[in-house]
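Everything on this sheet refers to the single structure shown next.
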Amino acid sequence: MPKKRAHNFIKQLQGSSSSKQTAANNGDDNSPSVNERLSELRKLEGKDAAAKKRLLAESVSQRSVPPDVSSILSVPESAPPKPKVGVRLRDRMRTPGPAPPKSWLAGSSSWTTPLSLRGGRRGLKRSADVAYRNRPKQLQRFAHLTGQEATTAGSRPSSLLHLSLKAIAESWFLFDDDDYHAFAEVPMRLRLKLLSYISFYGSALTLRQLEAVLQGSENITSLDLAGLTGHLNLTLKKLGRIIDKEPEGSSHVLQEAVVESWDAEISFETALRSMPSVSRFSGLTHLCLSHPGPGVSWRDLLSLVKSVSQVTHLSLAYWPRPTLTPNLATATVSSRNSPDVTAGGSHYYSTLDQDMTEPAALLRQLSAHFLCLQWLDLEGCQEWIPALELLTRKAAHSGSMLPGSPSLTDGWTANTSTTQSVLTSNWKNLAYVRCSQGWFPSLVGIQALTDTATSASQRMMRVGIERHLRDVMGETSCLDLPTNDARDVERKRARMWLESEYNVVVSNDRIHRARRSEGCKAIEMDFGWPNRDDDYTMMTMRRALNG
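Terminal number for the sequence shown in the UniProt record's numbering: 547, no gaps in between.
Next comes the structure, spelled out in structure tokens:
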């Protein structure tokens with residue numbers, strides 16, 4: 001039987017394939033290995049680094065020539081070294097956005113700074129409330145109303161003085177402590193006029209700035225602070241400190257007046273020098289506190305009037321409702337056995353209820369100090385102007401209790417006496433009151449009112465104001481408004497204006513009758529539109545009120 005043979009195919013396959021593959025690789029493929037490739041790359045990098053170092057050394061060793069000499073010798077400028085590849089330069093102070101045009105960078109700027117730079121800083125301390133501050137609508141409004149300014153109220157001055165004061169007022173926020181001493185060289189009348197320009201054009205004033213403007217020893221008879229009080233730290237309480245401040249040099253004079261011995265004789269000149277000093281504001285007769293800020297209060301005003309009791313012309317335009325407790329309008333005091341009582345002098349609905357008790361009481365206190373008052377500006381105060389009517393009533397108070405009265409069983413009685421009204425006693429010299437609302441409705445709104453929506457007196461008043469709007473203010477009748485909503489808004493505004501104006505006119509008529517009964521001169525009430533006594537409309541309306 002033949003012998004079986006076992007063939008090993010794995011060994012035969014491995015041996016034949018490996019030998020043939022090795023022979024093919026040795027004969028056909030001549031590519032370098034991985035180690036050979038790495039060594040070649042190291043050699044190339046070394047050659048490039050040496051070339052870069054050589055170029056950098058040549059550029060550094062090249063001598064630079066000044067620009068003027070290089071232009072003469074025609075030497076090319078040395079190029080700056082190129083930045084490294086892959087490194088990003090970051091300029092943190094660069095302005096975001098595209099680069100500015102070359103025309104902006106070429107040459108010197110035509111703008112000049114109004115003030116020099118001090119120590120690399122600017123005096124930029126402009127107030128944040130410049131745009132939102134309550135300003136007067138007219139330049140030197142108080143001076144025009146009182147007759148101190150001869151220029152017509154509607155004209156715009158164009159003199160060099162006006163342009164200079166306007167420029168100073170508009171750039172007032174650039175002034176700092178280093179500039180305040182220069183105001184001492186400016187005449188006082190120009191500094192007082194500058195305050196009016198600042199209130200109309202400039203920013204709010206601080207207490208330090210007001211002291212700088214009013215520095216000196218000259219007497220001040222008129223002070224216009226319209227739109228300045230109540231902002232920043234300029235309050236009425238601090239204004240009173242400026243007014244009560246002793247003039248400069250008064251303490252030095254008193255020290256010189258002290259003699260060396262108690263038995264030494266004092267000369268007449270020494271006695272005159274030792275007399276108490278008089279305040280610079282002792283002759284202040286015109287005071288304007290109109291358009292106040294949110295920081296004013298009637299409590300501070302009552303404390304200020306003690307220092308300016310000689311004022312004859314006073315402006316309180318656009319002042320809030322007189323009250324000593326403005327923050328307690330909605331607060332009440334509750335107890336178990338009694339109803340709730342309002343915590344303040346006026347409650348939240350005092351205006352709607354026409355409750356003028358507290359405003360009349362504060363005005364009565366104000367009149368006790370302003371005995372010389374002849375001119376009063378209450379523009380924009382139509383909310384509490386009817387409180388003047390309560391000042392015409394005589395106030396009653398209880399006197400002492402005397403024994404022996406037959407009317408009481410216990411033998412005691414009370415004596416009650418009455419005093420004169422304020423408008424016929426303290427303010428008997430008052431001759432002018434401006435009680436305008438500060439704005440007028442449109443002619444479209446007046447004409448849109450129907451006769452059924454207004455009373456007979458208001459219809460008579462509507463004729464006068466319609467004639468004023470058409471003739472004086474030059475408004476034209478145009479009932480074609482874009483939408484009906486706009487027409488309704490104008491009609492509501494006109495109705496509100498007529499109601500407020502009617503209340504003021506009624507109070508004015510009652511004040512006239514009270515002063516006429518006491519033999520006092522009638523007060524001229526300025527409503528801002530023609531309402532003379534010879535006007536047929538006003539005469540008819542007064543007849544309707546009296547009837």
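Here a beta-carbon is modelled for each residue, glycine too, at the ideal position from N, C-alpha and C.
Keep in mind the model is a prediction, meaning the values are calculated, not measured.
Can you tell me which residues form a DSSP beta bridge with residue i?
i	result
residue 315	288 and 377
residue 356	Residue 356 pairs with nothing; no bridge assigned.
residue 526	434
residue 332	342
Of the choices the options, whose alpha-carbon is the least far from that of residue i?
i	options	result
residue 509	214, 207, 491 and 385	385
residue 334	280, 283 and 343	343
residue 517	164, 392 and 501	392
residue 313	432, 326, 231 and 281	432
residue 149	281, 73, 286 and 305	286
residue 494	70, 280, 465 and 180	465
residue 161	190, 310, 170 and 133	190
residue 321	218, 388, 307 and 305	388
residue 446	438, 227 and 467	467
residue 507	100, 459, 469 and 390	390
residue 212	424, 80, 178 and 371	178
residue 232	218, 294 and 220	294
residue 188	488, 219 and 229	219
residue 472	529, 361 and 463	529
residue 470	106, 310 and 440	440
residue 361	340, 394, 332 and 336	394
residue 318	38, 288 and 95	288
Quick check on DSSP: helix, strand or coil for residue i?
i	result
residue 461	helix
residue 231	strand
residue 223	strand
residue 294	coil
residue 365	helix
residue 321	coil
residue 548	No answer is possible for residue 548: the residues shown for the chain start at 1 and end at 547.
residue 470	helix
residue 211	helix
residue 393	coil
residue 159	coil
residue 241	helix
residue 447	helix
residue 426	coil
residue 385	coil
residue 48	helix
residue 135	coil
residue 143	helix
residue 280	coil
residue 216	coil
Take the Cβ of residue i as the centre, count every other Cβ of all protein chains shown within 10 Å, and call the residue buried at 16 or more, exposed below.
i	result
residue 108	Here residue 108 scores only 47 on pLDDT, less than 50, and its place in the model is too uncertain to base an answer on.
residue 450	exposed
residue 209	buried
residue 376	buried
residue 527	buried
residue 442	buried
residue 283	exposed
residue 72	exposed
residue 181	exposed
residue 296	buried
residue 204	buried
residue 496	exposed
residue 97	exposed
residue 499	exposed
residue 95	exposed
CB residue i to CB residue j, shorter than 9 Å?
i	j	result
residue 196	residue 140	yes
residue 186	residue 174	no
residue 513	residue 422	no
residue 329	residue 350	yes
residue 434	residue 225	no
residue 501	residue 382	yes
residue 136	residue 347	no
residue 200	residue 169	yes
residue 448	residue 379	no
residue 608	residue 228	The structure shown does not extend to residue 608, since the chain is modelled only from 1 to 547, so the question has no answer here.
residue 172	residue 216	no
residue 430	residue 373	yes
residue 243	residue 159	no
residue 371	residue 436	no
Between residue i and chain B, is there a C-beta pair that is closer than 9 Å?
i	result
residue 180	The displayed structure is made up of one protein chain only, and chain B is not part of it.
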